[in-house]
Structures are given as structure tokens and as C-alpha cells.
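K.L.:
Heads up: the sequence shown at position 82 corresponds to 82 in the UniProt record's numbering, and the numbers run straight through without jumps. Here it is, the structure in full.
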Amino acid sequence: MTSSKLFPAALAVGALTLFLAACSVDVDTNKETGTTKKVETGATGPASVSTDELEKKVSSSLTETVGQTPESVDCPDSLESKEGATTRCTLTAGDGTQFGVTVTAGKPNGASVHLNVKVDDKPM
Numbered sequence: 001m002t003s004s005k006l007f008p009a010a011l012a013v014g015a016l017t018l019f020l021a022a023c024s025v026d027v028d029t030n031k032e033t034g035t036t037k038k039v040e041t042g043a044t045g046p047a048s049v050s051t052d053e054l055e056k057k058v059s060s061s062l063t064e065t066v067g068q069t070p071e072s073v074d075c076p077d078s079l080e081s082k083e084g085a086t087t088r089c090t091l092t093a094g095d096g097t098q099f100g101v102t103v104t105a106g107k108p109n110g111a112s113v114h115l116n117v118k119v120d121d122k123p124m
């Protein structure tokens, strides 16, 4: 096989690696620090991580973990900043393949919550 034929195959394997990754990220839930943004807390109940913030953090976490940026990440629901809370997102690869993503909140630490990001093993 020539090197010109091997290159697309290597890209496909690299893209698949992106989707089999599990990673985590910390999100500040009530004040601006570093690269996180303020997420307003309600008068009652715990803070939550907005859909916009989830999408950004899932995308950046996967990019840092595997070195490739997803085409898009869509999280239709916010995530309660409570240990064990989960939400589902959809990751779209550059070739249009979609994978489900489970985001789980870890134990809050003051104003921050640790997010665990797990990409499904198989496409949708």
C-alpha cells in the first residue's frame, strides 16, 4: 500500500480514537476564574452547568485528551451541580458520524464541579 493510501486510513483510525475517549474537566459554577465562565445559581436548589458551558467543556476536554476537535457537541439539557447527576450530549465528528456522550457531575468542591465525560463505544 502506498503512503498516499495509508494517510486516509491513519486519519480514520485517529478519528475513531476521539470517540472512544473518556475524560474529565472541572467547571466553576458560580464565579469567573481562568477559562470557566459564571453560571448563575438560583435562590433555591444547587447550581447547574448551562447547556452552552457543557458543550464547550465537553469539546475542549475531548480535544485536550485526544488532540482532535469534534465538529460539534450538542447538549440539550443543563447539568445539576450535584454528585451523580447526569445528562446526555451528542458529539458530531468531522465526517458527520454522531456518538452519544454521557456527562456525569462529580462531587462539588466549593464553586467547582468535576465533570466526567464518556463517549459511547458505538455511533448512533
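Don't be surprised by glycine CBs; every beta carbon is placed ideally from N, CA and C.
1. Give me the Cβ distance between Leu79 and Ala85, rounded to the nearest whole Å; I'm assuming they're in contact under 8 angstroms.
2. By the 10 Å Cβ neighbour count, where 16 or more other Cβ atoms means buried, how is Lys122 classified, buried or exposed?
3. Which value, in whole angstroms, describes the spacing of the CA atoms of Leu62 and Asp74?
4. Enumerate in chain order the residues of its own chain whose CB-to-CB distance from Gly106 is below 8 angstroms, with the five nearest sequence positions on each side excluded.
5. Excluding the 5 residues preceding and the 5 following Gly42 in the sequence, name in chain order all residues of the same chain whose CB lies nearer than 6 angstroms to its CB.
6. Can you tell me where the beta strand (DSSP E) with Asp74 in it begins and where it stops?
P.N.:
Checking against the coordinates, here is how it stands:
1. For the purposes of this step, residue 79 is identified with residue 79 of the sequence shown, where counting begins at 1. For the purposes of this step, residue 85 is identified with residue 85 of the sequence shown, where counting begins at 1. Sure, about 6 angstroms apart at Cβ, within 8 angstroms.
2. The residue given as residue 122 occupies position 122 in the sequence shown. When all chains shown are included, Lys122 counts as exposed.
3. For the purposes of this step, residue 62 is taken as residue 62 along the sequence shown, with counting starting at 1. For the purposes of this step, residue 74 is taken as residue 74 along the sequence shown, with counting starting at 1. When rounded, the distance between both Cα atoms is 14 angstroms.
4. Position 106 of the sequence shown holds residue 106. Closer than 8 angstroms at the Cβ level, and outside the excluded window around Gly106, lie Ser24, Glu83, Val113, His114, Leu115, Asn116.
5. Reading the sequence shown from its first residue, position 42 is the one you call residue 42. The pLDDT assigned to Gly42 is 34, lower than 50, so where the model puts this residue is not dependable; a value taken from the coordinates is nonetheless given after this. Once the five neighbours on either side are set aside, Gly42 has no close Cβ partner at all.
6. The count along the sequence shown starts at 1 and reaches residue 74 at position 74. Start and end: 72 to 74.
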